[in-house]
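*Asks:* Before I ask anything, let me first share the structure, which is written out below as structure tokens.
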Amino acid sequence: MPKIIQLSSHVANLIAAGEVVERPASVVKELLENAVDAGASKITVEIRDGGMIFLRVTDNGCGMEAEDAKTAFLRHATSKLRTAEDLAAISTMGFRGEALAAIASVSRIDLMTKTAGTVSGTSLHLEAGAITEESEVGCPEGTTIIVRDLFYNTPARMKFMKSDTVEGGRVSAAVQLQALAHPEVAFTFIRDGKQILSTPGTGELDAAVYCVYGRDSARMAKVDSRWDGYSLTGFVSKPTDARPSRNMQTFFVNDRPVRSKLLMSALEEAYRNQLMVGKFPACVLHLRLPANAVDVNVHPAKTEVKFLSEKAVFDCVHYGVLAALNKQTDRPQVQFKSAPQPAVPAYKPAQPAAPKQQTFFRTMTAEEYKNFSTAVKEAPKPQPAAAVATAAAVERQQNLPLRENVCIPTPPPVTPPAAEKEPEQTVMPMPQQIPWRMVGELYNSYIIVEQGEDAFLIDKHAAHERILFEKLKANQEAITPQLLLSPIPVQLRADAAAELLNNTELLAELGFEIEEFGDSTVLLRQISMDLSPAAAAEAAESIAADLLSGRREKKDTVRDEILHTVACKAAIKAGWLNDPKELLALVKQVMEREDLKYCPHGRPICVSLSKKQLEKQFKRT
Ligand code: ADP
Ligand code: MG
404 MPKIIQLSSH VANLIAAGEV VERPASVVKE LLENAVDAGA SKITVEIRDG GMIFLRVTDN
464 GCGMEAEDAK TAFLRHATSK LRTAEDLAAI STMGFRGEAL AAIASVSRID LMTKTAGTVS
524 GTSLHLEAGA ITEESEVGCP EGTTIIVRDL FYNTPARMKF MKSDTVEGGR VSAAVQLQAL
584 AHPEVAFTFI RDGKQILSTP GTGELDAAVY CVYGRDSARM AKVDSRWDGY SLTGFVSKPT
644 DARPSRNMQT FFVNDRPVRS KLLMSALEEA YRNQLMVGKF PACVLHLRLP ANAVDVNVHP
704 AKTEVKFLSE KAVFDCVHYG VLAALNKQTD RPQVQFKSAP QPAVPAYKPA QPAAPKQQTF
764 FRTMTAEEYK NFSTAVKEAP KPQPAAAVAT AAAVERQQNL PLRENVCIPT PPPVTPPAAE
824 KEPEQTVMPM PQQIPWRMVG ELYNSYIIVE QGEDAFLIDK HAAHERILFE KLKANQEAIT
884 PQLLLSPIPV QLRADAAAEL LNNTELLAEL GFEIEEFGDS TVLLRQISMD LSPAAAAEAA
944 ESIAADLLSG RREKKDTVRD EILHTVACKA AIKAGWLNDP KELLALVKQV MEREDLKYCP
1004 HGRPICVSLS KKQLEKQFKR T
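My numbering applies: residue 404 is where the sequence shown begins, and numbers increase by one.
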């Protein structure tokens, strides 16, 4: 008996559904693409309870004749493609003729559709892909599709669904994406009876971006570049507004949302040397190129594309974004010594934390030390005009407590008077009785420590991050939350917001109280004690990225990842001016621990430089 049979169309559709229809958001994506292809200028999406039970898309597009409406649900039924040659130059969003068949095979569908110039429209009801009712109805021009009980006949798929909040958040993100792809269409999204997105449909991308990303989007730089046959338009964040994840990078190729490593690296290349490690630009970029220069038929959900010339695409994005960034007049300018002095004061980058005092940190000469001691004894009043000759003078001028800022050479060249409290705090006996001293700091980033025949450079951010992380992890049961006087609203991508809201319990354990505050905005009412309110919004975004990054299978891994994020955001940063006392406290913790060799993300905390190595460098050996 032959073993090979051709699968029934129902089974084939179920298999196709596995690729095209993953969750309510993918259904919405397909239905929105159909509505756009139908030439709609107004599209409304409504879901209830995350879209699993009820999901409706209404458009005012061209509609379908009765016969077409029925054919539309057959596999490989499409009006967008006739011949194989057509595949080479696709200008519509859909073309595979799979979506309706696939969606219908795993749900119950009601369709109402009417074309222009006819009196009545067509109404169909389908169960698991089969038409069970058909009638003529009166309805407006366009198409309405209601999808109910998604995956009711495929329980295996049902099991993969997340909570309503998460699925609803993903639907919201899918609508936002289409709204950004098609600013010429007015999109409305209603979730559980509440309208949460409404774009004007004027064709202005700014307006659509504003509706999706909110007020912050006004700070983005406008991209508008054209080369023969290629164009790049949209908005990119300024280097100073970089995000902690790539979640806010949105690319469209010929109006189709795509994921592409090529586009991502071309974008980021334009920011080279302008972003800190772990920071990413945000963007909404439309790349348009001749239809035959791109192959969109490489992925069932059409989210991936192949370019005829990767180099042309890379250059187009790279230079287009670069041009936009260079147009920004308020960008920090590097001032070179030889450059003519500007009439206005030179740009001074803002410090994230208001530095309390000037870093003045070096070993004094014996004579300076003597002056210093005398200065301390005489305890003079602050003298604004005092010459900046010694460390003491600098401190005095700034009306700061004396001594704290000064590192004393070992051994001290002069014994300070008995009345003096000896500034010995930089010389710490190690358990093994090897004293060390903090020599100073390089580039406001690396603390120099000398110990015996060794010197260490400690990355202050990495060290602080690691120490905070361990502290947080050790106290996990008893993380102290701080209630915020005024709650902080954080606008996120819709799926990120939903992910946070779906993990409120876990976040509460970590000191965060998060509330829903309109679609894709959450309200932070309480944050971990270790975090400053200023860093809270960014931390929330990073945590959402942690949660979204797919590591959510193991709760402990996620918890650690979040603790890393909190530690990273709460830690002092390279480039900050820190009080030497703070630095000293940090060094103490590092030096007392043998194991502090790696920070949570695996970067080294401490590198050493032995006297021998130096002597070799100087050819002394
Ligand atoms: P594809 O979009 O790849 O052609 P679909 O299964 O998504 O395949 O749709 C099949 C056909 O049904 C489309 O080619 C189109 O002719 C018709 N159709 C689907 N949705 C609509 C709509 N909202 N308005 C008008 N026609 C539609
Ligand atoms: Mg389609």
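For glycine and all other residues, C-beta sits at the position ideal for the given N, C-alpha and C.
1) Would Pro427 be called buried (16 or more neighbouring beta carbons within 10 Å of its own) or exposed?
2) Does DSSP put Lys565 in a helix, in a strand, or in coil?
3) What is the residue span of the beta strand (DSSP E) that Cys686 lies within?
4) Between the C-alpha atoms of Asn808 and Glu868, what's the straight-line distance to the nearest angstrom?
5) Near Asp627, which residues of its chain fall below 6 angstroms by C-beta distance, leaving aside the five closest residues on each side in sequence?
6) Let me make sure I understand the geometry here. Which of Cys614, Leu860, Ala621, Ala589 has the alpha-carbon closest to that of Gly606?
7) Looking only at C-alpha atoms, which of Leu665, Pro642, Ile456, Arg840 sits nearest to Ser510?
8) Roughly how many angstroms separate the alpha carbons of Asn463 and Ser640, rounded to a whole number?
9) Give me every residue whose Cβ sits closer than 6 angstroms to any heavy atom of the ligand MG, in chain order.
10) Give the DSSP-derived three-state secondary structure of Met515 in the structure shown.
11) For Val430, which of Val414, Glu449, Gly442 has the nearest alpha-carbon?
12) Does the Cβ of Gly855 have 16 or more other Cβ atoms within 10 Å, making it buried, or fewer, making it exposed?
13) So which of Gly520, Gly532, Ser412, Cys1009 has the shortest CA-CA distance to Gly545?
14) What is the rounded straight-line gap between the Cα of Asn416 and the Cα of Lys876?
15) How far does the beta strand (DSSP E) with Tyr633 in it reach, from first residue to last?
16) How should Thr461 be labelled, buried or exposed, when 16 other C-beta atoms within 10 angstroms of its C-beta is the threshold for buried?
17) State the DSSP-derived secondary structure class of Pro558, mapped to helix, strand or coil.
18) In whole angstroms, give me the CA-to-CA distance for Ser648 and Ala942.
19) Count the other C-beta atoms from every protein chain shown that fall within 10 angstroms of the C-beta of Ala694, then say buried if there are 16 or more, exposed otherwise.
20) Kindly list the residues whose CB is nearer than 6 angstroms to the CB of Ser526, restricted to its own chain and excluding five residues on each side of it in sequence; keep chain order.
21) CB of Arg467 to nearest heavy atom of the ligand ADP: below 7 angstroms?
22) Can you grab the Cα-Cα spacing for the pair Asn802 / Ala901, in whole Å?
23) Report yes if the CB atom of Lys483 is closer than 8 angstroms to the CB atom of Gly466, and no otherwise.
24) Have a look at Ser575 and Lys562 and give me their C-alpha separation to the nearest angstrom.
25) By how many angstroms is the C-alpha of Asp440 removed from the C-alpha of Phe554?
26) What three-state label does DSSP hand Gln761 in the structure shown?
27) Quick one, are the C-beta atoms of Arg459 and Thr602 less than 8 angstroms apart?
28) Specify the secondary structure class of Arg485 as computed by DSSP and reduced to three states.
29) Nearer than 7 angstroms: is that true of the beta carbon of Asp595 relative to any heavy atom of the ligand ADP?
30) Should Gly632 be counted as a contact of the ligand ADP given a C-beta to heavy atom distance under 7 angstroms?
31) Look up Phe872 in the DSSP assignment and say whether it is helix, strand or coil.
32) For Gly978, I'd like the list of residues in its chain whose CB is within less than 6 angstroms of its CB, leaving aside the five on either flank, ordered along the chain.
33) Specify the secondary structure class of Gly442 as computed by DSSP and reduced to three states.
34) Kindly indicate which three-state DSSP category Leu725 falls into: helix, strand or coil?
35) Would you report the Cα separation of Thr518 and His721, rounded to the nearest angstrom?
36) Are Thr653 and Leu583 close, meaning C-beta to C-beta below 8 angstroms?
*Replies:* The structure says:
1) Residue mapping note: residue 427 aligns to position 24 of the sequence shown, counting from 1. The residue is buried, with at least 16 neighbouring Cβ atoms inside 10 Å.
2) The residue given as residue 565 occupies position 162 in the sequence shown. In this structure, Lys565 counts as coil in the three-state DSSP scheme.
3) Here residue 686 corresponds to residue number 283 of the sequence shown, with the count starting at 1. Here the beta strand (DSSP E) through Cys686 covers 686-691.
4) Counted from its first residue, the sequence shown places residue 808 at position 405. Counted from its first residue, the sequence shown places residue 868 at position 465. Since pLDDT at Asn808 reaches only 33, below the 50 mark, its modelled position is unreliable, and the value read off the structure follows with that caveat. Cα-Cα distance, rounded: 23 angstroms.
5) In the sequence shown, residue 627 corresponds to position 224, counting from 1. So the qualifying residues of the chain are Thr636.
6) On the sequence shown, position 203 is the one that residue 606 refers to. The option with the nearest alpha carbon to Gly606 is Ala589.
7) Here residue 510 refers to the residue found at position 107 when the sequence shown is read from its first residue. Of the candidates Leu665, Pro642, Ile456, Arg840, the one whose C-alpha sits nearest the C-alpha of Ser510 is Ile456.
8) For the purposes of this step, residue 463 is taken as the residue at position 60 of the sequence shown. For the purposes of this step, residue 640 is taken as the residue at position 237 of the sequence shown. For Asn463 and Ser640, the distance between alpha carbons rounds to 34 angstroms.
9) Glu433, Glu436, Asn437, Gly497, Ala502
10) Position 112 of the sequence shown holds residue 515. If DSSP states are grouped into helix, strand and coil, Met515 belongs with the strands.
11) What you label residue 430 is simply residue 27 of the sequence shown in a count that begins at 1. Val430 has its Cα closest to that of Glu449, out of Val414, Glu449, Gly442.
12) For the purposes of this step, residue 855 is taken as residue 452 along the sequence shown, with counting starting at 1. Answer is exposed; the Cβ neighbour count stays below 16.
13) Counting from 1 along the sequence shown, the entry for residue 545 is found at position 142. Minimum Cα distance to Gly545 is reached at Gly520.
14) Working through the sequence shown from its first residue, we reach residue 416 at position 13. Working through the sequence shown from its first residue, we reach residue 876 at position 473. Near 49 angstroms, if we compare the C-alpha coordinates of Lys876 and Asn416.
15) Residue mapping note: residue 633 aligns to position 230 of the sequence shown, counting from 1. Its beta strand (DSSP E) spans residues 633-639.
16) Mapped onto the sequence shown, residue 461 falls at position 58. The residue is buried, with at least 16 neighbouring Cβ atoms inside 10 Å.
17) Indexing the sequence shown from 1 puts residue 558 at position 155. Helix.
18) Indexing the sequence shown from 1 puts residue 648 at position 245. Indexing the sequence shown from 1 puts residue 942 at position 539. Near 11 angstroms, if we compare the C-alpha coordinates of Ala942 and Ser648.
19) By one-based count along the sequence shown, residue 694 stands at place 291. That one is exposed.
20) The count along the sequence shown starts at 1 and reaches residue 526 at position 123. Excluding positions up to five away in sequence, the list reads Met515, Ser538, Val540.
21) Taking the sequence shown and counting its residues from 1, the one referred to as residue 467 is at position 64. It should be noted that the sequence gives Met, not Arg, for residue 467. Under cutoff, so the answer is yes.
22) The residue given as residue 802 occupies position 399 in the sequence shown. The residue given as residue 901 occupies position 498 in the sequence shown. Low local confidence applies: a pLDDT of 39 at Asn802 is under 50, so the model's placement there is unreliable, with the coordinate-based value given in what follows. In a straight line, the C-alpha of Asn802 is about 50 angstroms away from that of Ala901.
23) Numbered from 1 along the sequence shown, position 80 holds the residue referred to as residue 483. Numbered from 1 along the sequence shown, position 63 holds the residue referred to as residue 466. No; because the gap between Cβ atoms is not below 8 angstroms, this pair is not in contact.
24) Locating residue 575 in the sequence shown gives position 172, where the first residue counts as 1. Locating residue 562 in the sequence shown gives position 159, where the first residue counts as 1. Each residue's alpha carbon lies about 21 angstroms from the other.
25) Along the sequence shown, read from residue 1 onward, the residue named residue 554 stands at position 151. Along the sequence shown, read from residue 1 onward, the residue named residue 440 stands at position 37. In a straight line, the C-alpha of Phe554 is about 26 angstroms away from that of Asp440.
26) The residue given as residue 761 occupies position 358 in the sequence shown. Here the model assigns Gln761 a pLDDT of 29, short of 50, so the residue's position is not dependable and the matter cannot be decided.
27) Your numbering for residue 459 matches position 56 in the sequence shown. Your numbering for residue 602 matches position 199 in the sequence shown. Not a contact, by the Cβ cut-off of 8 angstroms.
28) In the sequence shown, counting from the first residue as 1, residue 485 sits at position 82. DSSP places Arg485 in coil when its eight states are reduced to three.
29) Locating residue 595 in the sequence shown gives position 192, where the first residue counts as 1. No, the beta carbon of Asp595 sits no closer than 7 angstroms to any heavy atom of the ligand ADP.
30) Taking the sequence shown and counting its residues from 1, the one referred to as residue 632 is at position 229. The answer is no for Gly632.
31) On the sequence shown, residue 872 is found 469 positions in, with the first residue counted as 1. Of the three classes helix, strand and coil, the one that applies to Phe872 here is helix, per DSSP.
32) For the purposes of this step, residue 978 is taken as the residue at position 575 of the sequence shown. So the list reads Asn847, once near-sequence residues are dropped.
33) Here residue 442 refers to the residue found at position 39 of the sequence shown. Note: Gly442 maps to coil in three-state DSSP.
34) Mapped onto the sequence shown, residue 725 falls at position 322. It is helical.
35) As a position in the sequence shown, residue 518 is number 115, starting the count at 1. As a position in the sequence shown, residue 721 is number 318, starting the count at 1. Rounded to the nearest angstrom, the two C-alpha atoms are 44 angstroms apart.
36) As a first step, residue 653 must be located in the sequence shown, where it is residue number 250. As a first step, residue 583 must be located in the sequence shown, where it is residue number 180. Closer than 8 angstroms, so yes.
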